[in-house]
Amino acid sequence: MKEDMMTGETEFLRQAIGLAQANAEAGGRPFGAVLVRDGEVVATGVNEILATNDPTSHAEMNAIRSASRRLGSPDLRGCTVYASGHPCPMCMAAMRMAGVGAVVFAYSNDDGAPFGLSTAAIYAELAKPFAEQSMTIRHVPVRLESQPDLYADWKRRQD
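In terms of our numbering, the numbers along the sequence shown are unbroken and rise by one, the last being 1633.
So this is what it looks like as structure tokens:
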């Protein structure tokens, strides 16, 4: 059983790498992702930053968006993402928020570093307290007068 799982993982990673290779050959960045549930591919994605000028258009994000539309739900519990490269913090956070249960990647940040394709520095930056990060991050607790509390009002509408 474990060997079958490894064979499946290898095949899904090969698909992700194939997507990345084709994307690079078409002028894009070398990243691909395959989102799988119950052994079946639900969605795929490639990095489209250069094509769209959207800095969030990463392979994993595009696979998540496609899977959510296809499944009609933002809940991706039970899914695994197979990525050609180490997912960046944005993609990792999005996968967690969507409920993705596992992430498997073929190329590490160490593999990508010589080519400018590592996100290790961003991970290190985000691990610092807000006051020590290079981007200014501040909490300013503004509320609208004469209006219900934003979150409490939203919760009331959900019930």
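Cβ coordinates follow ideal geometry from the N, Cα and C atoms, glycine included.
Bear in mind that the values here come from a model prediction, so they are computed numbers and not experimental data.
- Nearest Cα to Pro1504 within the set Val1515, Leu1524, Thr1481: Leu1524.
- Nearest to Ala1601 by C-alpha distance, out of Glu1514, Pro1563, Ser1592, is Pro1563.
- Out of Ala1595, Gln1489, Val1614, Pro1622, the CA that lies nearest to the CA of Val1520 is found in Gln1489.
- A direct Cα-to-Cα measurement between Pro1561 and Ser1620 gives close to 43 Å.
- DSSP places Gly1519 within a strand segment (E or B) once states are collapsed to three.
- Classified as exposed, Tyr1625 has fewer than 16 neighbouring CB atoms from the shown chains inside 10 Å of its CB.
- In the DSSP secondary-structure assignment, Arg1511 is bridged to Glu1514, Cys1553.
- Counting only the Cα atoms, His1532 lies some 11 Å from Gly1502.
- Around the beta carbon of Ile1538, 16 or more other beta carbons lie within 10 angstroms, which makes this residue buried.
- Under the DSSP assignment, Ala1580 falls in the beta strand (DSSP E) whose first and last residues are 1576-1581.
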